[in-house]
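Order-wise, the sequence lines are chains A, B, C, D, E and F.
Mapping the first sequence onto this note's numbering, position 46 (from 1) lands on 114, and the numbers just tick up by one.
Mapping the second sequence onto this note's numbering, position 55 (from 1) lands on 123, and the numbers just tick up by one.
Mapping the third sequence onto this note's numbering, position 83 (from 1) lands on 151, and the numbers just tick up by one.
Mapping the fourth sequence onto this note's numbering, position 317 (from 1) lands on 724, and the numbers just tick up by one.
Mapping the fifth sequence onto this note's numbering, position 146 (from 1) lands on 553, and the numbers just tick up by one.
Mapping the sixth sequence onto this note's numbering, position 28 (from 1) lands on 435, and the numbers just tick up by one.
In this text, a Cβ means the ideal position worked out from N, Cα and C, and glycines have one as well.
Single-structure report; data block below.
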Amino acid sequence: MKLITAIIKPHKLDTVREALSAIEVTGLTVTEVKGYGRQRGQSEIYRGAEYSVNFVPKLKLEIAVEAARVEAIIEAIKTAAGSGEIGDGKIFVTSLEQAVRIRTGETNENAL
Amino acid sequence: MKLITAIIKPHKLDTVREALSAIEVTGLTVTEVKGYGRQRGQSEIYRGAEYSVNFVPKLKLEIAVEAARVEAIIEAIKTAAGSGEIGDGKIFVTSLEQAVRIRTGETNENAL
Amino acid sequence: MKLITAIIKPHKLDTVREALSAIEVTGLTVTEVKGYGRQRGQSEIYRGAEYSVNFVPKLKLEIAVEAARVEAIIEAIKTAAGSGEIGDGKIFVTSLEQAVRIRTGETNENAL
Amino acid sequence: MSQVKKLLALGLAIATVAIATPALAEEAAKAAPKADPAFLFNTLLFLIGGILVVWMAAGFAMLEAGMVQTKNVSMQCTKNIALYSIAGLVFWLVGYNVMYEGVDGGYIGTFLPKDIPVPDKDTANAYSASSDWFFQMAFCATAASIVSGTLAERIKLWPFLLFVAVLCGIIYPIVGAWTWGAGFLNKMGFLDFAGSSIVHSTGGWAALAGALILGARSAKFHDGTITPLPGSNMPLATLGTFILWLGWFGFNGASQLAFATNIDASAVSNIFVNTNLAAAAGVVVAIVLSQLLYGKVDLTFALNGALAGLVAITAEPLTPSPAMAIAIGAIGGAIVVFTVPLLDKLRIDDVVGAIPVHLFAGIWGTMAVPLTNSDASFATQAIGVGAIGAMVFTVSLVLWVILKFTIGIRCTPEQEQKGLDITEIGLEAYPEFK
Amino acid sequence: MSQVKKLLALGLAIATVAIATPALAEEAAKAAPKADPAFLFNTLLFLIGGILVVWMAAGFAMLEAGMVQTKNVSMQCTKNIALYSIAGLVFWLVGYNVMYEGVDGGYIGTFLPKDIPVPDKDTANAYSASSDWFFQMAFCATAASIVSGTLAERIKLWPFLLFVAVLCGIIYPIVGAWTWGAGFLNKMGFLDFAGSSIVHSTGGWAALAGALILGARSAKFHDGTITPLPGSNMPLATLGTFILWLGWFGFNGASQLAFATNIDASAVSNIFVNTNLAAAAGVVVAIVLSQLLYGKVDLTFALNGALAGLVAITAEPLTPSPAMAIAIGAIGGAIVVFTVPLLDKLRIDDVVGAIPVHLFAGIWGTMAVPLTNSDASFATQAIGVGAIGAMVFTVSLVLWVILKFTIGIRCTPEQEQKGLDITEIGLEAYPEFK
Amino acid sequence: MSQVKKLLALGLAIATVAIATPALAEEAAKAAPKADPAFLFNTLLFLIGGILVVWMAAGFAMLEAGMVQTKNVSMQCTKNIALYSIAGLVFWLVGYNVMYEGVDGGYIGTFLPKDIPVPDKDTANAYSASSDWFFQMAFCATAASIVSGTLAERIKLWPFLLFVAVLCGIIYPIVGAWTWGAGFLNKMGFLDFAGSSIVHSTGGWAALAGALILGARSAKFHDGTITPLPGSNMPLATLGTFILWLGWFGFNGASQLAFATNIDASAVSNIFVNTNLAAAAGVVVAIVLSQLLYGKVDLTFALNGALAGLVAITAEPLTPSPAMAIAIGAIGGAIVVFTVPLLDKLRIDDVVGAIPVHLFAGIWGTMAVPLTNSDASFATQAIGVGAIGAMVFTVSLVLWVILKFTIGIRCTPEQEQKGLDITEIGLEAYPEFK
Ligand SMILES: Nc1ncnc2c1ncn2[C@@H]1O[C@H](COP(=O)(O)OP(=O)(O)O)[C@@H](O)[C@H]1O
Ligand SMILES: Nc1ncnc2c1ncn2[C@@H]1O[C@H](COP(=O)(O)OP(=O)(O)O)[C@@H](O)[C@H]1O
Ligand SMILES: Nc1ncnc2c1ncn2[C@@H]1O[C@H](COP(=O)(O)OP(=O)(O)O)[C@@H](O)[C@H]1O
């Protein structure tokens, strides 16, 4: 099993969720995060003083899946979250050793 | 070492924390997240328009532990966080390669 | 590739970010979290009733990097985030199998 | 606000008219519409005072919205705007006449909607009848707001609103009838200028009965420990307190019921001064005591302290010297700091501290009247406090029990946990902040 | 507020003066500065009423700040303080005289700044001329606030403010001239006491025209579904509603335009009573209906219900009996519950429900005048409603179209997505909560 | 507010009484309590004005709660309710008499508690003595609120409150004595109608002295860069500004000190108009300038602009024509936009912009008096500005230094970092939002 972590622009959430639903990803977990990368926050002026915003709001999606489905999911996220503009985000994949569904105690593939 | 990630219902936090304390888990990190899964948010009506809430509030717990303690911890979380109802959440386990305590520089098992 | 996760005190964010910039870490993702560990929140009194605060605010930094840079980054974080006081936080390293830049489709080292 | 006082005011007003329209002008007066300064000033006092007391409804709403947890804020707002609306409707439908119409030294008036005379028939008093209704209506809503604060975060909406309807339509008006409606307490010489007991303790007793029947919030007390559930929005609570403080100038000041003579105007001014000093003293004592007792100033005690000072001075805001007003308010502030934790110890869950502020400081204020007003006696004041308490507490208790065993008054534990905003009214207060 | 009424008031005032200063005192009067109670009372009414209506600007600001999404809150605050400021400036520059100066049964007054007489020249009326200006100015700002609520979350700042300048400087004053400025509608006998149509529907028509030209927020309607975008801060919206409710006592009460005689004072008092009962009925009907229709009480409907009750009673707050005031307000509350979803179905995006509240309830209120006031006829009321609607809607539509095709009125989709706070004014409302 | 003016008012009032109670009615008058319309109207003006100025305390609280960071909001609320309370207490204890009792062309009055006469002894003036005390007390609190805003986010609670006690009990009353207490500045012909210098600059100078001794917030300036620390809650800041704007009608309007004659009433009305236009101009100039200079409208400048317009018109709200009032307010707005960044450059840390708003715009307003009032001269105005500045700044500086080296005034860097809410008063403002 793999754990896919995607950092995306906040307004892409619904598109991505729908794209994932379409390929039958039925579970995921979303966190509000702040990203630091090539895309910088616009520089702001507050009461006449300029300052640069280092962090931009992003969403982090975590999706646990069977290893076999990773590529399809990456593809779906890439298409749905991409705008071609800087700051579109990243997808990271790590190995998932064990999964448990708390309610039933089912494990691994059955727990996803 | 392993990193245990548990997605639970928010109001179970105290029960889970106490259950983990009981088996001497002395550290963990909590994040507020939104979950998408079998359990859907109730459909809401706002000013006469109905809409469905896709995401439900959850908490994510991250616990770094020696590999040997993983099963006991999973068991404790399962018991404490389970209500038997849909949406109770998941537990994921990944491998943790290195751990460092910032304050002392201690590493790995000693850093947990 | 590795994924470095660091839990730090909130007010250390800027110092850490600058320290990482200095060694050319150009991307990272920050999450607001609450930590439970040796450091407890101070006990509070509200309307004459005392209560203990279990969780303290922390920030979680996630940094995906080539394996070779891990040690330098850990060192930088340790120096920048350390105050020698309890609650300075932890650094965790896990293995990162795959990375994708959504905008370009670049993968792995090129995607970081 | 007693009938007695009203008659007095009427007398003064007639005298005033006599001054303003001497014989030579009488002819002219017959042709032109009457323009009696006393009538105009008194009516203005009621209208301005009424507006200020209406404004207190917003104050309670903000105070309570700030003192409950985020998950119950929309519900608290809903309760407050609904209770103010219902109070106004039932006080027209029956309340006013139960309170003022034909009480005659007895216990209760008449069950009839208040008749609002058309302007050119509005000649029975030294002020416009509707301006008086408006002012009294605003008082009535105050009593209901007190209940809403205590029982927050666990009571269901509709049973609460039913209780409010009875409280504002019948219970409060009966209490009012006894003194201000020239009922038996008035005859005995019980004095409660603007209602420390009549309004505030009434609300407080109803709240206490509710708290006992309803029980505490499930997260508050367990296994002998107290878990504070801090209010979600301190600036709102602060705003609410400032609004209430402001409204209190109307509450106490316009309870002079007349602005027709220099003496009236001076009296209203003195009331303003004393009201402000008492509130200020309540704040200062609350912050000093919380610093001494807990090593920290507690903002919520400062807010409650202001209100307790205000409630305490309400029974007699006119006769105290400034120094006495300060003392009366100061003791109000102290009451808060000592009795809020006491209620916790008794496992009585009062979300905003309304019982200490309105009931305890209200009793204190009522008992303090004889200190500065020689027309009052401790015995009579105690009888008044006791009579009002016995009646309101008993009737409320019965009513809460009836509601409990018919439609039910308490949300389920799950609703409480998730918050009433989502589970009862489906609307989060701050849907984007989490 | 009609010139007619003003003359009447003047007449009364002179009579009153006659009473207060009989022949024997005339000598003394020549030496001392004039102290005419009628002048003083009337002026006081305008000043207090004006303050209360000015306060409504804060109410709209809070209501709208609470009803928009977090990302647009600073912008909404900016719009509200700016529109109130601009309204005041243009109403001095041209608005007042367009509305009142030399309308003479016609359609429009004079384009000149309002002359504010120095105090010792201020003798033309039974009240201070500037107190009247102040009161009228506050009304004018109200109309603009309505537009701001409907068009929130997608309109650019500057074109909005340009529209406000024209609305307050010209459109609203022309509407006002027709009735209150003694123009053609006044001659026909159209009655709109405090402006259900003249103020509220005017704002509503301008808002509707804007909503049509501007289009809905991009997130609101797609592929046949409606996506509610819940307001970000319910206690602020509640506070805003309470502020508006309070301000309305000035809005309706001081529209009596005189407090010089007992009858005036009684009239103002009755207006207070009816205004409060109508609002209360609007709330109760809105919560009952939302419970029945949706199984849940909707706080935002309760808030809108209060306002709709207030708007409905505004056309005639004096003649209805309390029961009729309750009925008029209740129907206002019902209008909200039924027409808010209707607008959604028509794909008209009104962020705060200003069109149901101000336009629909305003029309209802105007048409309800003949029910209690025999001086009004349904036909004339309908003509008034129609004339005002046709003019305001058309002129606004043209103006919005011109703005659209010149400087542009709509933010880019990206700005909308990120929120106007960051993209247009670079200032988040709650920068630390996310 | 000068004694001089008070005597004048008294004269008018007596004349008025003469009119209202001609010889024939004298008999009746002896029997009935006195009902002197001048007394009633003047007292009413003070009471209503006082309420409005008291309301400004809430405005400052909300403005400051909105302009500080989340971690310091409860502290800011605590400071504001405490300072208002302390101001009221010390102004009774010594302040009022230091300001008004026996100044006699000199520099200071008497150190004694203000005597509040009982109503039937309240005959020394043309208004109730306590209504005047109430009004003046509210002014005094304003000066303290200004200091609280500038020094937010780093000053400890108790030393701040100690400073407030001295400011309100002694420093401000001495400044007041010089002009309004008929002291030496009044004799010289210095004019400051409602206190651009006497109230606002006094607060501003005290704040400036504090800012210099206390130093900037540690996060604000380092290595030559300025780090803005944006306010946490823009709608609260907006609400605060609207409250202050509203309160200012009382501040300036009731500073006419009389509503006894037509001329008084007209004057109060003109003051309302000018006050509103000046504030509106301040807003418009601030948004236009911030658009031109920074390419974006800055809401916080709009809010400060309103206040600067208000402060600027305060020294003379009566004599300017509307166009002049607009100009005076507009320059106030410009002052804000240019001097807020200037203070940053000087490394003076003023959290809410109180120094530009109250000190700089206050000086501007005071110096602008001769432009429209021929009784004033630039030289005398400059002397007044200088004398007040020198005294308040020096005394405040000394006091801050004493406090610094005795009990200490500054929180530790760690407290500042974590926020004063948690570290000083143990109560988060929004405990659930993070
Ligand atoms: N090395 C990294 N480790 C963790 N997160 C990263 C890393 N680099 C970028 N990110 C996250 O991805 C987001 C987008 O990256 P950015 O460099 O701005 O644009 P792009 O992905 O288009 O190159 C960042 O805001 C940050 O949240
Ligand atoms: N495949 C997944 N990857 C990541 N998180 C998941 C996944 N499936 C479920 N979750 C998380 O677990 C929560 C509970 O899952 P859900 O399907 O609603 O109930 P249950 O766990 O009882 O089957 C979800 O809200 C989501 O946060
Ligand atoms: N075993 C663990 N797993 C996950 N996070 C942990 C663990 N132990 C500590 N943490 C995180 O690290 C933070 C600091 O740990 P703490 O024990 O308070 O201090 P220190 O790191 O100085 O020993 C905690 O607040 C928590 O967020």
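### residue 114 of chain B - partner residues in DSSP beta bridges
B:117
### Query
Any heavy atom of ligand 5 closer than 7 Å to the Cβ of residue 159 of chain C?
Within the structure as shown, ligand 5 is missing, the only ligands being ligand 1, ligand 2 and ligand 3.
### Query
If you follow the alpha helix (DSSP H) that residue 851 of chain E is part of, which residue opens it and which one closes it?
The first residue shown for chain E is 408 and the last is 841, placing residue 851 of chain E beyond what the model contains.
### 8 Å Cβ cutoff, residue 435 of chain E in contact with chain D
Its pLDDT being 47, under 50, residue 435 of chain E is placed unreliably by the model, and nothing is read from it.
### Task
With a cut-off of 8 Å on the beta carbons, I'd call residue 74 of chain B and residue 132 of chain B a contact; round off their distance for me.
With 8 Å as the limit, residue 74 of chain B and residue 132 of chain B do not qualify as a contact, their Cβ atoms being about 13 Å apart.
#### Entry: Residues of its chain near residue 552 of chain D, where Cβ-Cβ distance is below 6 Å and the 5 sequence neighbours each way are ignored
467
### Cβ-heavy atom distance, residue 73 of chain B to ligand 3, below 7 Å
no
### Query
Which whole runs of the alpha helix (DSSP H) in the segment 745-790 of chain E are 4 residues long or more, in chain order?
768-779
#### Entry: Unbroken alpha helix (DSSP H) run spanning residue 566 of chain F, endpoints
564-573
### Message
Using only the alpha-carbon positions, how far apart do residue 110 of chain C and residue 121 of chain C sit?
### Response
6 Å
### Message
Using CA atoms only, rank isn't needed, just tell me which of D:706, D:713, D:768, D:618 is closest to residue 115 of chain C.
### Response
D:706
#### Entry: Buried or exposed (CB count within 10 angstroms, at least 16 for buried), residue 519 of chain E
exposed
### Message
The beta strand (DSSP E) that contains residue 127 of chain C, what's its start and end?
### Response
124-133
### Outcome for residue 664 of chain E when other beta-carbon atoms lying within 10 angstroms are tallied against a minimum of 16
buried
### CB of residue 738 of chain E within 8 Å of CB of residue 771 of chain E, strictly
In this structure, residue 771 of chain E lies closer than 8 Å to residue 738 of chain E by Cβ.
### Message
Can you check which of these residues, E:488, E:819, E:459, is closest to residue 361 of chain F by C-alpha distance?
### Response
As displayed, chain F neither begins before 408 nor continues past 841, which places residue 361 of chain F out of reach and without an answer.
### Query
residue 144 of chain A: beta carbon under 7 Å from a heavy atom of ligand 2?
no
### Task
Pull up the DSSP beta-bridge partners for residue 817 of chain F, would you.
Per DSSP, F:562.
#### Entry: Terminal residues of the alpha helix (DSSP H) in which residue 716 of chain D lies
706-721
### Query
Under 8 Å between C-beta atoms, does residue 667 of chain F make it to chain D?
no
### Query
Are any of the Cβ atoms in chain E nearer than 8 Å to that of residue 801 of chain F?
no
### Task
For the segment 96-117 of chain A, enumerate the residues whose C-beta is nearer than 7 Å to any C-beta of chain F, in chain order.
113, 114, 115, 116, 117
### Query
Using a beta-carbon distance cut-off of less than 8 Å, what residues from the segment 829-840 of chain D approach chain B?
829, 833, 834
### Message
I'd like to know whether the C-beta atoms of residue 500 of chain E and residue 576 of chain E end up nearer to each other than 8 Å.
### Response
yes
### Task
Label residue 671 of chain E either buried or exposed according to how many other C-beta atoms from any shown protein chain fall within 10 Å of its C-beta, with 16 as the threshold for buried.
buried
### Task
Please determine, among E:745, E:700, E:458, E:449, the residue with the shortest C-alpha to C-alpha distance to residue 653 of chain F.
Closest option to residue 653 of chain F, Cα to Cα, is E:458.
### Message
Counting only Cβ-Cβ distances shorter than 7 Å, please list the residues of the segment 154-180 of chain C near chain A, keeping chain order.
### Response
162, 163, 164, 165, 166, 167, 168, 169, 170, 171, 173, 179
#### Entry: Within-8 Å CB hit, residue 144 of chain C to chain B
no
### Task
Report yes or no: do the segment 769-783 of chain E and the segment 706-720 of chain E share at least 3 C-beta pairs separated by less than 8 Å?
yes
### Message
So with CB distances below 7 Å, who are the chain B contacts of residue 824 of chain D?
### Response
Simply 79.
### Query
Taking Cβ to Cβ, would you say residue 669 of chain D is nearer than 8 Å to residue 534 of chain D?
With a cutoff of 8 Å on beta-carbon distance, residue 669 of chain D and residue 534 of chain D are scored as not near each other.
### is_contact[residue 91 of chain A, chain C] using C-beta, thresh 8 Å
no
### Reduced DSSP secondary structure (H/G/I, E/B, other) of residue 475 of chain D
coil
### Task
Run the proximity test for residue 99 of chain B: is its beta-carbon closer than 7 Å to any non-hydrogen atom belonging to ligand 3?
no
### Query
At a Cβ threshold of 8 Å, is residue 845 of chain E touching chain B?
Absent from the model: residue 845 of chain E. The displayed extent of chain E is 408 to 841, so no value can be given.
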